[in-house]
Structures are given as C-alpha cells and as structure tokens.
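With the working numbering as the guide, the letters of the sequence shown map in order to residues 339 to 711.
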Amino acid sequence: MLLELTLPRLVEDALPVRVAPAARPNPYLSHVRREYEIQPNLSTPHRPSIKYPWLQSLAVPELVVGCGGWQYFRVPGADSLKIYSRAFRFVEVNSTFYSLPDLAIVRSWRRRVPEGFEFSVKANRVITHVEKLSPSRRTLEYLERCLEICGILRSKVLVLETPRSMRLQLILENLEKLLNAVDLEAVRIALEPRCGWSSDPKTLKGFRDLGIIPVADYSREDPPYDDEEIAYSRLFGKGEHNVYQLTDEDLKEVRRRAENRRSKKVYLSFHGIAMYLDAARMERFLKTGELPPVTRSYGIDSLAEVLEPAKHEFPTSKQELVRRHGWKLVDIDPKTRVPASVILKQLRRSRYKSLEEVIRELRARFEKTGAKS
339 MLLELTLPRL
349 VEDALPVRVA
359 PAARPNPYLS
369 HVRREYEIQP
379 NLSTPHRPSI
389 KYPWLQSLAV
399 PELVVGCGGW
409 QYFRVPGADS
419 LKIYSRAFRF
429 VEVNSTFYSL
439 PDLAIVRSWR
449 RRVPEGFEFS
459 VKANRVITHV
469 EKLSPSRRTL
479 EYLERCLEIC
489 GILRSKVLVL
499 ETPRSMRLQL
509 ILENLEKLLN
519 AVDLEAVRIA
529 LEPRCGWSSD
539 PKTLKGFRDL
549 GIIPVADYSR
559 EDPPYDDEEI
569 AYSRLFGKGE
579 HNVYQLTDED
589 LKEVRRRAEN
599 RRSKKVYLSF
609 HGIAMYLDAA
619 RMERFLKTGE
629 LPPVTRSYGI
639 DSLAEVLEPA
649 KHEFPTSKQE
659 LVRRHGWKLV
669 DIDPKTRVPA
679 SVILKQLRRS
689 RYKSLEEVIR
699 ELRARFEKTG
709 AKS
C-alpha cells in the first residue's frame, strides 16, 4: 500500500522539489512519480532580525533545519543526497546507528553536497545499546570509527541515543569513563537518553561538566540546560511509532523553544513519517513568518486529497480510517489546519465501501449545515 503526498505551492517555494514523506517506519509511503525541475536553493541561516544588530549574536541563536536521513527524499533519476542538500543545509546521518559504512562511501557523501552543508552522525547501536557506553575495547573501536566518519564529513555533533532501560546515573558514570579514554577532538556529544532527563542539579552538572549537549524534542519539552555553543533537538512529535505530522501549533512551539535557547546555534532535526514536509514548512515559517498549507485545497476537498492514495484500502471501517489516516493534516482554510481525525470521527456509519462514499456523506453534512467544504 502506498501513500503519496504532494507538497503545496508555498512549501515548494521553500523546498524546491516535490518529495514524499519519510518511508520509514511506515510501509505506506512512496516517492511521487513525476518529472521535477530542480533549481539550486540552498537554505540560508535563519537569524530573526532584531532592533540593534550588535546584539544579534547575544540575543538570537542561528537555527539550522534538517531531517533524519535523505534516503527517502526521492526524485526519479536524481541523486537523493544532492537534491536534499539543495533544499536543506543539514542532515542527521541515521544509517550509522545500524551499520558503519565504508569510508569511501562517506567521502562520496561529503563530495556530493555544497561546501557549507552540515552533517551530524548518529553513533552506532553497539556503543549505546549493546555495550551500554562501557569503556570496553569494542566500544572504543566503534567510537573511533564513528569519530573517523565525523572527521570526513566535518561533523560537529555525534548523537548518542541510549535505550529506555538505561538509567541516567549509569549513563553519566559510563560516559565519564568513556570520554576519559578517547580524544573527541572537535566533535561534540549530543545525548538523547530515552529514559528522560532528570531535574536533579547534581546529575545535570555532571553532564555539563563533560560538555554534553542535551537533546530534547522541542515539540514536547525544553532541554534541561543550554550548552553555550550548540543546542540540538530531535523532533518526533506526539504520535506513536513516529506516525505524526507536526501541527501549526507544534511548529510555533518548536520555534519558540529554539529561539529561547542560549546557545549560538540550534539544530532542528526532524524525524518521523512526515519529516520532509514538516521540515519544509518550518523553513518556510522561519523565512516568512507564515505557516503554509499542506494540500492544494480546503475543507472536504483537502480531506479527499489526503485520502486519495488510500482508495484501494476500501471497503474499510471508520475506526480503521481514523487509525491509519487520522494523523494527517487537512487544510480547513488558508490559515487553519486540523488532523484528519477531527473530520473522520464525524462519520456516522461504522463501515464504508469506497472513498467516494465517505466524501459524499461528509460533503452532504457540510452542505446541510451551510459549512463550506
């Protein structure tokens, strides 16, 4: 089953290609099959203007928008990384978490992007999930290889994601031993403890003393403290299993939290099923102050557009429609978007034979109440 979403015109202005949402982990996604006219459009650093320019570096961090990987940023006949690097100026390499690539491949990544393009690298799972950050010979071997990749890519940040079962105190203790055994050189460690951050001042001081950058999902929370140089957010949103599309309110909150950081630079790394669209909308928001629509129509027409790729799933139930498609955003008007579930839950029957039947019922109800579709 495939789900193909087309980016709206305003998003295309910020993102110079049409792309599908991320294909992992949801199996419904596929690239949009059509020809594209690609024009270079490297995103520029976002620094909101302030009244006194000499206060710029003190008041507002530089915001850098990117996504967790480029593999699903697909344009027929084009190099995904090259095209991605024309739309965004930063990417988090996630594939290194599962396996470490040959260094020749890593060098090719660096060659295929513009000079100012930035990479961050996610540390291999052997370091965090198998060896649990213990300073073992195997941990050091994998960490050295990750640092070598960072060196080739000129990455400033190595992301460590620890398992939910690993407690924060053990993370701190093992990190202290591990970092005493390795030379990070210019690379900084950004830590995402899946167990969550503590509010204990002593524990947080321990991480600060090690120079650890705290990772947080700015759609959910602020980081426990600010590093002077770098802040880092991995954005998954509020759904289960990364199945979520960031709402306008989410993006506004992400921006607010990012701009409130005391760091010089903030990396916003979008993940999840709609990461490319979410990141493109954020880029547009930062540049214009406006949040663009997600479809090319409004009301019931917008819902029909969002559900069009799911026509082959019928017959199906109302419950299944809400479960599988309720997370997708629908444009009510140029300035209002809601999750599709808000509309789908108004369906009166439990089962439907076709998408046309769903749309017909909703359209009749809107027309009956005098609402615009």
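Just so it is clear, CB atoms sit at the ideal spot from N, CA and C, and this is done for glycine as well.
Segment limits, alpha helix (DSSP H) that includes residue i
i	result
residue 423	418 to 425
residue 594	586 to 597
residue 510	506 to 518
residue 442	441 to 449
Simplified DSSP assignment, three categories, for residue i
i	result
residue 626	helix
residue 369	Low confidence applies here, because residue 369 scores a pLDDT of 26, under 50, leaving its location unreliable; read the following figure in that light. Residue 369 falls in the coil class under three-state DSSP.
residue 327	Residue 327 is absent from the model: the chain starts at 339 and stops at 711.
residue 576	coil
residue 704	helix
residue 428	strand
residue 469	coil
residue 408	coil
residue 400	strand
residue 379	In this predicted model, residue 379 has a pLDDT of only 45, less than 50, meaning its place in the structure is not dependable enough to derive any value.
residue 570	strand
residue 615	helix
Beta carbon of residue i nearer than 9 Å to that of residue j
i	j	result
residue 588	residue 557	yes
residue 447	residue 581	no
residue 502	residue 532	yes
residue 668	residue 660	no
residue 529	residue 545	yes
residue 406	residue 432	yes
residue 606	residue 419	no
residue 462	residue 434	yes
residue 612	residue 583	yes
residue 494	residue 524	yes
residue 527	residue 517	yes
residue 641	residue 615	no
residue 675	residue 631	yes
residue 555	residue 600	no
residue 490	residue 438	no
residue 571	residue 604	yes
residue 399	residue 602	yes
residue 610	residue 573	yes
residue 477	residue 469	yes
residue 513	residue 548	yes
residue 429	residue 436	no
residue 497	residue 480	no
residue 551	residue 569	yes
N- and C-terminal bounds of the beta strand (DSSP E) containing residue i
i	result
residue 486	Looking at the DSSP string, residue 486 is not in any beta strand (DSSP E); the run it does join, the alpha helix (DSSP H), is 475 to 491.
residue 553	551 to 554
residue 284	Any property of residue 284 remains undetermined from this structure, which presents the chain solely from 339 to 711.
residue 602	From DSSP, residue 602 is part of no beta strand (DSSP E); its letter is neither H nor E.
residue 434	Per DSSP, residue 434 belongs to no beta strand (DSSP E) and is neither H nor E.
residue 460	456 to 460
residue 498	495 to 500
Identify every run of the beta strand (DSSP E) within the region 631 to 701, keeping only runs that are complete inside it and at least 3 residues long; order them along the chain.
-> If we require 3 residues or more, the beta strand (DSSP E) runs fully inside the region 631 to 701 come out as 667 to 671 and 674 to 677.
- Cβ contact check for the region 457 to 477 and the region 623 to 640: 3 or more pairs under 8 Å: With the cut-off at 8 Å, the region 457 to 477 and the region 623 to 640 do not touch.
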